[in-house]
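Heads up: the structure comes next, in structure tokens.
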Amino acid sequence: MSWEETTKEKMLHLKLPTDPRWVGIAEMQIEDILTDHAYCEQKAASSCISLILRFNDLDEVVDTLTPIVAEEWGHFERVMEQIRKRGLKFGFPRKDEYVVALANFVKKGGNRMQQLTEQLLLNALIEARSCERFKLLSKHIQDEELKKFYYELMVSEAGHYVTFIELARSYQEVEKVNARWQEWLTFEASVLEEIGVRADRMH
């Protein structure tokens, strides 16, 4: 089975697998990768907080996302630990063309449940791609400590992806969520193809 087929089958059915050469290129700019990763974790926590505040009347949203906030912030702290122990610099955030493009795909309008579904699918897709990238790092990066580190985070992000999808299905018809998810997957592949391989970014 080719690496493309393996990724599609085992890593959340993403339609465009990451070019495996990304790991080698990224490893040469590990300071940039770790910095970008730290900001990704911070944004993930902030996104869940925003959803909790926006949909505070939905108990399942609040109860499901609250522990994810804590976990994502814990990941931020762990990435910062990796940066500090290597004597690297925690740089400034860069504009994230990947997330901006995905955010522009969010459907505007609709009722609150439709808006919630869109945000949950956006979060799920970012988690799915992160999971795929973490797997590549855990298998191919030369740094043994980072291999273990990214394997642990890969497992966690996969769980988050499933959580977001299942939460969306609990507030919208399963068929509609599944159909919209396929649209998200197709669009994300086109975004990644246009952006290409970037050595200084997690996405």
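Here the sequence shown is numbered in numbering that gives the first Met the number 0, starting from 0 and rising by one per residue. Glycine included, every Cβ here is placed at the ideal spot set by N, Cα and C.
When Cβ pairs closer than 8 Å are counted between the two stretches, the region 57 to 76 is seen not to touch the region 94 to 110, the count staying below three. Relative to the Cα of Lys-175, the nearest Cα in the group Thr-185, Tyr-160, Ser-189, Glu-117 belongs to Glu-117.
Scanning the region 74 to 137 from its first residue to its last, the whole alpha helix (DSSP H) runs of 4-plus residues come out as 96 to 102. For Leu-33 and Glu-70, the gap between their C-alpha atoms comes out near 17 Å. The count of Cβ pairs closer than 8 Å, one atom from the region 186 to 195 and one from the region 161 to 176, stays below three, leaving the stretches out of contact. Excluding sequence positions up to five before and after Ser-129, its CB lies within less than 6 Å of the CB of Glu-156, all in the same chain and listed in chain order. The closest CA to that of Ile-48, considering only Glu-26, Asp-62, Gln-113, is found on Asp-62. Taking the C-beta atoms as reference points, Ala-198 is found nearer than 8 Å to Ala-25.
Leu-120 places its beta carbon less than 8 Å from that of Trp-183.
Within the same chain, and ignoring the five residues on either side of Ala-44 in sequence, the residues whose Cβ sits closer than 6 Å to its Cβ are Val-68, Glu-71, Trp-72. Ranking Gln-114, Met-27, Glu-151, Ile-29 by CA distance to the CA of Ala-167 puts Gln-114 first. A straight line joining the alpha-carbon of Gln-28 with that of Ile-140 spans about 12 Å.
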